[in-house]
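Right, one structure below, let's go through it.
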Amino acid sequence: MRVLKFLIPIVFIGVPIAEIATFIQVGDVIGLWPTLLTIVLTAVIGTAILRRQGLATLATAQSTLNEGQLPLESVVHAVFLLIAGVLLLTPGFLTDGVGFALLVPPVRLWLAHWLFEKIRNSKSVHVEGFSNGRSSSSPFDGTRDDGPIIDGEIIDGEIIEETPPPKRDAGSGSPWQR
Numbered sequence: 043m044r045v046l047k048f049l050i051p052i053v054f055i056g057v058p059i060a061e062i063a064t065f066i067q068v069g070d071v072i073g074l075w076p077t078l079l080t081i082v083l084t085a086v087i088g089t090a091i092l093r094r095q096g097l098a099t100l101a102t103a104q105s106t107l108n109e110g111q112l113p114l115e116s117v118v119h120a121v122f123l124l125i126a127g128v129l130l131l132t133p134g135f136l137t138d139g140v141g142f143a144l145l146v147p148p149v150r151l152w153l154a155h156w157l158f159e160k161i162r163n164s165k166s167v168h169v170e171g172f173s174n175g176r177s178s179s180s181p182f183d184g185t186r187d188d189g190p191i192i193d194g195e196i197i198d199g200e201i202i203e204e205t206p207p208p209k210r211d212a213g214s215g216s217p218w219q220r
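Heads up: take any position in the sequence shown, counting from 1, add 42, and you land on the working numbering.
Here it is, written out as structure tokens:
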């Protein structure tokens, strides 16, 4: 929460001031019209790359869902692609630089892992990852624990057929496992 207190003024005041200073510096070197053309060109190129990667991410997510798995990695890519799109459409050299960096998949995954570790190590948030009986250092490694499967059919609110879950140790203390 302390970081958010300083992040908002930096984003809404600091970034525009830095972009204006960069515009002035670049404009002095290459001139007004080449500077404006460069800004528009980076937005067009970035949007084209973003569209292609977004469609590929959507296809990967659909494929993962068809395999019966959670498309967590695809969701992470999609979130960072959305941020990249906003940054690329915002006029400026600094925002374009960050936006283009987010178009690189390893950069997105590294940033997701870094953010996850920051959140996990935070004292105000509790995070559990998925695992298949193995130790999982991150929810982005593609593993998960499906837990017990309860097969049944409900028609008009009445249970017609049910396969009970396997018995668990009653000493776990969880009211959901009694």
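Idealized CB from N, CA, C, for every residue including glycine.
Rounded to whole angstroms, what's the CA-CA distance from residue i to residue j? Just pull it up for me.
i: Pro-281; j: Ala-60; result: Beyond the ends of the chain as shown, which are 43 and 220, falls residue 281; an answer cannot be given.
i: Leu-151; j: Gly-88; result: 19 angstroms
i: Ser-105; j: Thr-80; result: 37 angstroms
i: Gly-69; j: Thr-137; result: 17 angstroms
i: Leu-124; j: Gly-96; result: 9 angstroms
i: Leu-107; j: Pro-113; result: 6 angstroms
i: Leu-100; j: Ser-116; result: 7 angstroms
i: Leu-157; j: Ala-85; result: 27 angstroms
i: Arg-176; j: Gln-67; result: Unreliable positioning characterises Arg-176 in this predicted model, as indicated by a pLDDT of 47, which lies under 50. A coordinate reading is not provided.
i: Val-82; j: Ala-103; result: 31 angstroms
i: Lys-160; j: Phe-135; result: 28 angstroms
i: Ser-164; j: Ile-52; result: 22 angstroms
i: Trp-75; j: Phe-65; result: 11 angstroms
i: Ala-126; j: Leu-144; result: 6 angstroms
i: Phe-48; j: Gly-110; result: 41 angstroms
i: Ala-120; j: Leu-153; result: 13 angstroms
i: Arg-162; j: Pro-58; result: 31 angstroms
i: Gly-139; j: Leu-78; result: 16 angstroms
i: Gly-73; j: Ile-50; result: 32 angstroms
i: Leu-46; j: Ala-98; result: 32 angstroms
i: Val-34; j: Phe-54; result: This structure leaves residue 34 out entirely; the chain is present only between 43 and 220.
i: Gly-56; j: His-155; result: 26 angstroms
Over what stretch of residues does the alpha helix (DSSP H) that includes residue i continue unbroken?
i: Ser-105; result: 74-108
i: Gly-141; result: 135-143
i: Leu-153; result: 147-163
i: Ile-125; result: 114-131
Is residue i buried or exposed, if buried means 16 or more other CB atoms sit within 10 Å of its CB?
i: Gly-141; result: buried
i: Val-71; result: exposed
i: Phe-122; result: buried
i: Val-118; result: buried
i: Ala-63; result: exposed
With respect to 7 angstroms, is the separation between the Cβ of residue i and the closest non-hydrogen atom of the ligand FMN below this value?
i: Arg-150; result: Summarising the ligand content, the structure contains no ligands, and the ligand FMN is consequently not present.
Given 8 angstroms as the limit, is there contact between the region 114-132 and the region 81-94, that is, 3 or more CB pairs closer than that? yes
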